[in-house]
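Undergrad: Those protein sequence lines, which keep their order, are chains A, B and C. Quick note on numbering: the first sequence equals residues 1 to 264 in the working numbering. Quick note on numbering: the second sequence equals residues 1001 to 1329 in the working numbering. Quick note on numbering: the third sequence equals residues 2001 to 2263 in the working numbering.
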Amino acid sequence: MSNFKKWLETIRIGWSMVTAYRLNFFLLIIGPALVFYFIKVSLWSAVYTDKDMLINGYSLPQMLHYHAWALIVVLMAQSSNGVNLGEDIRFGRMSKYLIYPFNFWEFHTASFISFQTIQFVIAIFTLALLCFSDLVSLPSFSNLMIAFAYTSLVGIFWFSVQYTTGLLAFWLEETWTMRVMFQLLVNFLSGSIIPISFFPAWAQNYLQYTPFPSLTYTPINLFMGQMQGLHQGLITITISIVAMFFINTYIWRRGLRLFTAAGM
Amino acid sequence: MITTKKLIKKYVSYKKQPGIKGAIKSLWDRSFIEKNAVDAFDLEIGKGEIVGLLGPNGAGKTTLMKMFTGIIVPSSGDLEVLGFNPFDRKKEFRKKIALVMGQKSQLWWDIPAMDSLHLIKAYYEIPTADFNERVAEMAKILNVEELLHVHVRKLSLGERMKLELMASLLHQPEVIFLDEPTIGLDLVAQDAIRNFIKSYHEKYNPTVILTSHYMQDVQSLCSRLVLIMNGEKKFDGDILDFEKILGTDKVVSFNFETSPSDKSAFEKYNAKWDLNGLSVELALPQQELRAFSGYVLEHFDVIDFQTEKLPIERVMKQLMLRPELLNHE
Amino acid sequence: MKSVLNYFNIYRNFVSCSLTEELSFRLNFFLLLVVDAIFTLSALGTTFILFDHIPALGNWNRDQLQFFLVFMLIIDDFQGLVLSSNFWMLSTDLKAGNLDFTFLKPIHSFLPMFFRYLRPSSVISLVIDIALLFYFADKLHFTYVDYIALPFLLFLSVCLRFILEMAIALLMFWTTEGVGINFIRLQLQSLSRWPDLIYRGIAKKVLMTLLPVLLVGSAPMHFLFDHSKWHYILWLIVAVVVFAFILHLSWEKARIRYESASS
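Shown next, in the form of structure tokens:
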């Protein structure tokens, strides 16, 4: 079987796994939308005491647009949260990848693509709902495509991060701690809870030298038709992905040596 | 001790076509398959018996065990163990039973076994003096005294199984369910487990229900066999009767120095020759065993010969390959 | 009485086992502390940033909202300490059929199902959050009555949170795969981390009665900020009793669903 077919088959298995428990699948789909609706819409409607109020330049509809796009970005970019390679290592399922004529990274990357496609469909579906209920307005077609492409790149970044933390299972007993830590940090600092322009000036100043804004704030702005962060974001994310790639290769080699030596 | 009447356990699962189309389709369109894992099962087991529950994979043995222990609820039928309905899960009931599963572990993975034993002591409210005495006694017989303080994840399967057994018997249960207790163990460890169960039974006389795919387990421990296939009871009786289920012929095999030129004398005993004609397996009627064996030893250049050690193994194999044999009974 | 003692004795064993386990993984222990710290900081930071731009949320000022937030964080700490890890284990145990042994033990299965794994590292953030709670209480000029009522209110809120979460977790017996349920559980937690006054209409009614996650934090606040609203306490107590009963009923149904996958 050609390698391509192996990838395809792995992707298909991923689809079956996600949909095997249908209530579970359903909950995962509606969960984020529900939270958006209940928390974000309620919160900001309560914050804006009258209709014409502006907070830091945002009107209520603009703020809701911002958070609606944040939902889409999170749906598209953070699908790899479900990729759990740490467990493979921790529970000794590693050995099978050492025997298969299909590599560990190939398997997990294929699984990632599998989740990513499903999440993309869910994101489009959610977007349609948001458009329908007038919570977002679409930018120009070219902007939309650029934003989608950029967000997919962020998705690859997230996957490479999940991959690294997963690999740490060679040394750590639990890897979810690392993952949750990173997620909490990013959610707060990347503008998915509150737009970065709301942060105190000194914090904004520091943040612009970190990759955090590129992960959520920039793609949201792209979706809202503002292109200014694009170049910096592209450079930051690309460099990060390349760096992660080398780090992952290194960690994998070290870990594998440990694994094969100890026969974990 | 254990009584079942028309016991049924039904499982529902669904079919799914492979691939993305099947995955999406299965979200709303599911064709369900109902299967009786245990079907109209009648059984009566008395105090102190050791009963072997035999059957191929997926026959319903484990399902039956899990109903006996109250882990899963029967779909219909009557079930009584020690005068309790297991699924009521009365505490007095749970204190009197034990389940040992060769494929599952009740010991905590990341801490030494002794810590788990202390937890079990608390669960079953075992007095400290009894606890110490029982641990010491069992650890000595099983030869695991040194292992009690080692992290469980560092133990070999055989060592872990011995400790599992200890953990399950600490509260001196009246009924013990052993679900493939020797699975995956080496020959020495298997022997150790069997001898332990045997001596434990002699001392405390609990009722024991055992499932295993190793006929050696069954042969050395059980006096009574229950055969279950496709959820139905196919045989229930003495182990000696089970051996005779396919006839009373004894299976004897001979190995020869050179292949006998005239094989006609063997034909009527259902002879099975190997490819180069150097060995043969015969089914001899009991009354002809001595006469014919003597004849062969005298007239052919026999290197060695043997009668089978585990007749139930042959019977089991035959029945699993050709279940219809049972219907002629 | 004897059985209470016995349960206490079993629980002591859980504590010592979990502690042995957790301390043998020191790096993870440390990381858990970091996670807790980031969580607290980002929650408080969000309100700080928000109140830089607005004077009040509903009729609550910044101190009130932050007091509320710390109160919720303490409930999270309690939950992290005794309950959280078990929900994730329950999901894997259900799929692998590992509850068999839990069901066999002659004690109420909730004990090993929901309270077996502790996360001792939460004690540290619990201490920090309690200190923060006193800090904000002081800023709000709490009276003696408030300080005396506080532990009781906290107890009631923790009870309600635990009961609700356990009832939701039992749904895993139906879905088998627990990720979705755990996900929803976490989302409901984040709903309850905002005061009820931001919610409106049917959503609010549902979240205050049928699925009263908002009562957990908001009911005690309403009383503490305005003693004339003592009926909120009554409401909280009723919710605890009613949902404890619902939990009991669901358990009877759930255990029938258990199919015990064979390995």
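In this text, a Cβ means the ideal position worked out from N, Cα and C, and glycines have one as well.
1) May I ask you to list, following chain order, the residues of the stretch 1107-1122 of chain B that have a beta carbon less than 7 Å from some beta carbon of chain C?
2) So who's on the other strand from B/ALA1098, going by DSSP bridges?
3) Quick one: list the residues of chain C neighbouring B/ARG1094, beta-carbon separation under 7 Å, in chain order.
4) Near B/ASP1078, which residues of its chain fall below 8 Å by C-beta distance, leaving aside the five closest residues on each side in sequence?
5) Could you have a look at C/VAL2052 and say whether DSSP puts it in helix, strand or coil?
6) Exposed or buried, C/GLU2252, counting other C-beta atoms within 10 Å across all chains shown (16 or more means buried)?
7) Just to check my reading of the structure: C/GLY2058 and C/ILE2198 have Cβ atoms closer than 8 Å, yes? What is that Cβ distance to the nearest angstrom?
8) Spatial neighbours of B/ARG1314 within its chain, please: C-beta separation below 6 Å, excluding the five flanking residues on both sides.
9) How would you call B/PHE1300, buried or exposed, if buried means at least 16 neighbouring beta carbons within 10 angstroms?
10) How far does the beta strand (DSSP E) with B/ALA1040 in it extend, from its first residue to its last?
11) I'd like to know if C/ILE2181 contacts chain B, where contact means its C-beta is closer than 8 Å to some C-beta of that chain.
12) Note down, in chain order, all residues in the stretch 1123-1141 of chain B with a beta-carbon under 7 Å from any beta-carbon belonging to chain C.
13) Just to check my reading of the structure: A/VAL74 and A/PRO32 have Cβ atoms closer than 8 Å, yes? What is that Cβ distance to the nearest angstrom?
14) Step through the CB atoms of chain C and report whether any lies within less than 8 Å of the CB of A/PRO200.
15) Quick check on the burial criterion: 16 or more other C-beta atoms within 10 angstroms. Buried or exposed for B/GLY1083?
16) Using a Cβ-Cβ cut-off of less than 7 Å, give me the residues of the stretch 2142-2157 of chain C that come near chain A, in sequence order.
17) Name the one or two DSSP bridge partners that B/TYR1011 has.
18) Considering only their Cβ atoms, is the gap separating B/ILE1141 from B/PHE1196 smaller than 8 Å?
19) Do B/LEU1099 and B/ARG1134 count as a contact pair if the criterion is CB distance below 8 Å?
20) For chain A, find out if any of its Cβ atoms is closer than 8 Å to the Cβ of C/HIS2053; answer yes or no.
21) In angstroms with no decimal places, state the Cα-to-Cα distance between C/THR2077 and A/SER79.
22) Hey, does C/SER2125 have any beta-carbon neighbour from chain B nearer than 8 Å?
23) Check each candidate in B/LYS1244, B/LEU1163, B/HIS1213 and name the one with the smallest Cα separation from B/ALA1059.
24) If I follow the unbroken beta strand (DSSP E) through B/GLU1267, where does it start and stop?
25) Could you check the C-alpha separation between A/PHE104 and C/PRO2195 for me, to the nearest Å?
26) Measure from the C-beta of C/VAL2240 to each C-beta in chain F and report whether the shortest distance is under 8 Å.
27) Quick one: is B/ASN1205 buried, meaning 16 or more other Cβ sit within 10 Å of its Cβ, or exposed?
28) For B/ASP1029, does the count of other Cβ atoms within 10 angstroms reach 16, so buried, or fall short, so exposed?
29) Is B/ASP1186 helix, strand or coil by DSSP?
30) Are the stretch 1119-1128 of chain B and the stretch 1163-1177 of chain B touching, with three or more C-beta to C-beta distances below 8 Å?
31) Report yes or no: do three or more beta-carbon pairs, one from the stretch 170-183 of chain A and one from the stretch 2020-2033 of chain C, lie closer than 8 Å?
32) At what residue ranges does the stretch 1279-1307 of chain B contain a whole run of the beta strand (DSSP E), taking only runs of 3 or more?
33) Which residue or residues does DSSP assign as beta-bridge partners of A/GLY166?
34) Can you confirm whether C/GLN2187, when its beta carbon is compared against all beta carbons of chain A, has any partner nearer than 8 Å?
35) Go ahead and label B/GLU1180 buried or exposed: buried means 16 or more other beta carbons lie within 10 angstroms of its beta carbon, across all protein chains shown.
TA: Taking the structure as given:
1) Closer than 7 Å at the C-beta level to chain C, one finds these residues of the stretch 1107-1122 of chain B: TRP1108, ASP1110, ILE1111, ASP1115, HIS1118, LEU1119, ALA1122.
2) Here residue 1098 of chain B is taken as the residue at index 98 of the second sequence, counted from 1. DSSP, once it has assigned bridges, lists B/ILE1176 as partnering B/ALA1098.
3) Within the second sequence, residue 1094 of chain B is the residue found at index 94, counting from 1. Under the 7 Å cutoff, chain C gives LEU2104, LYS2105, PRO2106.
4) On the second sequence, residue 1078 of chain B is found 78 positions in, with the first residue counted as 1. So the qualifying residues of the chain are THR1003, THR1004, LYS1005, LYS1006, LEU1007.
5) Taking the third sequence and counting its residues from 1, the one referred to as residue 2052 of chain C is at position 52. For the sequence presented, residue 2052 of chain C should be read as Asp rather than Val. The answer is helix: DSSP assigns C/ASP2052 an H, G or I state.
6) Against the third sequence, residue 2252 of chain C aligns to sequence position 252. That one is exposed.
7) As a working note, residue 2058 of chain C is residue 58 in the third sequence. As a working note, residue 2198 of chain C is residue 198 in the third sequence. Sure, about 7 Å apart at Cβ, within 8 Å.
8) Position 314 of the second sequence holds residue 1314 of chain B. Apart from the 5 residues on each side of it in sequence, B/ARG1314 has no Cβ closer than 6 Å to any other Cβ in its chain.
9) Position 300 of the second sequence, counting from 1, holds the residue named residue 1300 of chain B. Burial call: buried.
10) Walking along the second sequence from the start, residue 1040 of chain B turns up at place 40. From DSSP, the beta strand (DSSP E) with B/ALA1040 extends over 1031-1045.
11) Here residue 2181 of chain C refers to the residue found at position 181 when the third sequence is read from its first residue. No, C/ILE2181 does not count as interfacial toward chain B.
12) Residues are counted here when their Cβ sits less than 7 Å from a Cβ of chain C; for the stretch 1123-1141 of chain B these are TYR1123, TYR1124, GLU1125, given in chain order.
13) Position 74 of the first sequence holds residue 74 of chain A. Position 32 of the first sequence holds residue 32 of chain A. Confirmed, about 7 Å.
14) Counting from one through the first sequence, the residue named residue 200 of chain A turns up at place 200. With 8 Å as the cut-off, A/PRO200 counts as an interface residue toward chain C.
15) As a first step, residue 1083 of chain B is located in the second sequence; it is residue number 83 there, counting from the start. With fewer than 16 other Cβ atoms within 10 Å, it is exposed.
16) Residues: none.
17) The residue you call residue 1011 of chain B lines up with position 11 of the second sequence. Secondary-structure assignment with DSSP links B/TYR1011 through a beta bridge to B/LYS1035.
18) Here the question's residue 1196 of chain B lines up with position 196 in the second sequence. Here the question's residue 1141 of chain B lines up with position 141 in the second sequence. Judged by their CB atoms, B/PHE1196 and B/ILE1141 are nearer to each other than the 8 Å cut-off.
19) Against the second sequence, residue 1134 of chain B aligns to sequence position 134. Against the second sequence, residue 1099 of chain B aligns to sequence position 99. Going by C-beta atoms, B/ARG1134 is not nearer than 8 Å to B/LEU1099.
20) Locating residue 2053 of chain C in the third sequence gives position 53, where the first residue counts as 1. At least one chain A Cβ lies under 8 Å of C/HIS2053.
21) Residue numbering aside, residue 2077 of chain C sits at position 77 when the third sequence is read from its first letter. Residue numbering aside, residue 79 of chain A sits at position 79 when the first sequence is read from its first letter. Position check: residue 2077 of chain C holds Asp in this sequence, whereas Thr was assumed. If you take the alpha carbons of C/ASP2077 and A/SER79, they lie about 28 Å apart.
22) Counting from 1 along the third sequence, the entry for residue 2125 of chain C is found at position 125. Cβ-Cβ to chain B under 8 Å: no for C/SER2125.
23) Stepping through the second sequence from its first residue, residue 1059 of chain B is reached at position 59. Per the Cα distances, B/HIS1213.
24) Walking along the second sequence from the start, residue 1267 of chain B turns up at place 267. Neither: B/GLU1267 is in no beta strand (DSSP E) and is coded neither H nor E.
25) The sequence position of residue 104 of chain A within the first sequence is 104, counting from 1. The sequence position of residue 2195 of chain C within the third sequence is 195, counting from 1. Approximately 46 Å between the Cα atoms of the pair.
26) Among the protein chains in the structure shown, which are A, B and C, there is no chain F.
27) Start at 1 with the first residue of the second sequence, and residue 1205 of chain B comes out as number 205. Under this definition B/ASN1205 is an exposed residue.
28) The residue given as residue 1029 of chain B occupies position 29 in the second sequence. Sixteen is the threshold: since fewer than 16 other Cβ atoms of the shown chains lie within 10 Å of the Cβ of B/ASP1029, the residue is exposed.
29) As a first step, residue 1186 of chain B is located in the second sequence; it is residue number 186 there, counting from the start. In the three-state DSSP reduction, B/ASP1186 falls in the coil class, being neither helix nor strand.
30) The stretch 1119-1128 of chain B vs the stretch 1163-1177 of chain B: in contact.
31) Contact holds: three or more Cβ-Cβ distances are below 8 Å.
32) Correct list: 1279-1284, 1302-1307.
33) Locating residue 166 of chain A in the first sequence gives position 166, where the first residue counts as 1. Note: A/GLY166 sits in no beta bridge, so no partner.
34) Within the third sequence, numbered from 1, the residue matching residue 2187 of chain C stands at position 187. Closer than 8 Å: yes.
35) Looking up residue 1180 of chain B in the second sequence gives position 180. The residue is buried, with at least 16 neighbouring Cβ atoms inside 10 Å.
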